Amino acid sequence: MAKINTVLGPIAPENLGLTLPHEHIIAAYPGWECDPLTRPYNQEKIVSACLKNLEPVKQFGVRAIIDATPVDLSRNVAVMKGVSEKLQINIVCATGRYTEAEGKWIYFQRRENVKIGNMQTEIYEGIMQEINYGIGQTGIKPGVIKVATGLNKIAPCEEATLKAAAQASRETGVPITTHTEDGTMGPEQADILISEGAAPEKITIGHMCGNASLDYHLDVLKRGVYIAFDRFGIEMKIKDQTRVATLIGLLEKGYANRILLSHDCMAAVYGRGGRMPMEEAIKFKNWSFTNIFTNILPALKNAGISDEQIKTMMVDNPRHFLSGD
Ligand SMILES: [Zn+2]
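Using my numbering, the first residue of the sequence shown is number 17, and each one after it goes up by one.
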């Protein structure tokens, strides 16, 4: 029985419980740290802000969260640990990297350009370092590997990361969770990961709910991987109503055992604060850590989806994805 690594240490798979498998405790796009007007960092205040946003999930029985923040989006496991201790919810953190366009790549690109290092090898070594010895000096070990690709293409840095992640997963059994841009490149991600040796049941192709085509979902599912409907509440390009309709279509075809549900929500962000104008904010009005419980599950139940199917998606699939059990 494989244990699941959380920021408070390993737990038995049966203790995982109801899980939100793609959220962020704190994250930000690179560059905020160079903004002289950024808010001063105060860990205690950040943890309190996170707790305020996350506290409501407890009433719905959430027992665990996978924080899918890659290293280069300012992953902070000390904040995750503080939140986990105070909230009494398990948090599984990630190793791995973000897209070529929005992550931090110049360091590895330069090393490869002047032939000091090979990017894929060096990313693999970094992933293995964190899996085997923990993140920095914290002793906290990641429970998932994050990989990401851009819109309609897989850039060289992304391909190197996919291959490095597959190799690390093959050797350690740590599963892989992906970012697709608007649900594109799902089959291609799965093919690279599987051909490089990752087991299909240790792969979750993320943000697939950005695509409303059943055929597209089935094309990814036939590879044996999990897919994630993990952006409920982000109604910028696609409405939750559309996501729900696609999800019901897949559930009716018997895929409850291959689908994960989450929000891709952030409890806190680094950098300047501020508010969006109303016309933008409206696209995120349902974006919270409880949207699935207050809006999505009732819609699914109305359509005849059973409690058993919901338990499969929210309890059994995250446990099996993380531990194999
Ligand atoms: Zn995310």
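Cβ atoms here follow ideal geometry from the backbone N, Cα and C, with glycine treated the same way.
Given the structure is predicted, the values throughout are model-derived calculations rather than measurements.
Requested in this report: Under 8 Å by Cβ, that's how I've got P37 and A244 pegged, so tell me the actual separation to the nearest angstrom.
Outcome: 7 Å
Rounded Cβ spacing between V260 and I312 (contact assumed at less than 8 Å)
6 Å
- Task: Verify whether the separation of the beta carbon atoms of Y242 and R274 is less than 8 Å.
- Result: yes
Rounded separation between L230 and H40 - CA only: 28 Å
Q) How is M329 classed by DSSP in three states: helix, strand or coil? A) helix
K162, DSSP secondary structure in three states: strand
Strictly closer than 5 Å from CB to any heavy atom of ligand 1: give me those residues in the order they appear in the chain.
A84, D280
Buried or exposed for D235, please, with buried defined as at least 16 other CB atoms from any protein chain shown within 10 angstroms of its CB. exposed
Query - Secondary structure of A244, DSSP reduced to three states - result: strand
Put T21 into one of helix, strand or coil per three-state DSSP.
-> Note on residue identity: the sequence assigns Asn, not Thr, to residue 21. Reduced to three states, the DSSP call for N21 is strand.
Whole runs of the alpha helix (DSSP H) within the region 79-157, excluding any shorter than 4 residues: 93-103, 122-129, 135-149
*asked:* Which residue wins for smallest C-alpha separation from F248, given the options L276, I151, I122, G320?
replied: L276
Contact between the region 177-190 and the region 91-102 is defined here as three or more beta-carbon pairs at a separation below 8 Å; is this criterion met? no
(request) Please state if the CB of V163 and the CB of T177 are separated by a distance shorter than 8 Å. (result) yes
- Query: Around the C-beta of E30, are 16 or more other C-beta atoms found within 10 angstroms, so that it is buried, or is it exposed?
  - Reply: exposed
Terminal residues of the beta strand (DSSP E) in which Y260 lies: At residue 260 the sequence reads Val, which differs from the Tyr that was named. Per DSSP, V260 belongs to no beta strand (DSSP E); it is in the alpha helix (DSSP H), 256-268.
Review point. Where does Y114 land, buried or exposed, given buried means 16+ other C-beta within 10 angstroms?
Key: buried
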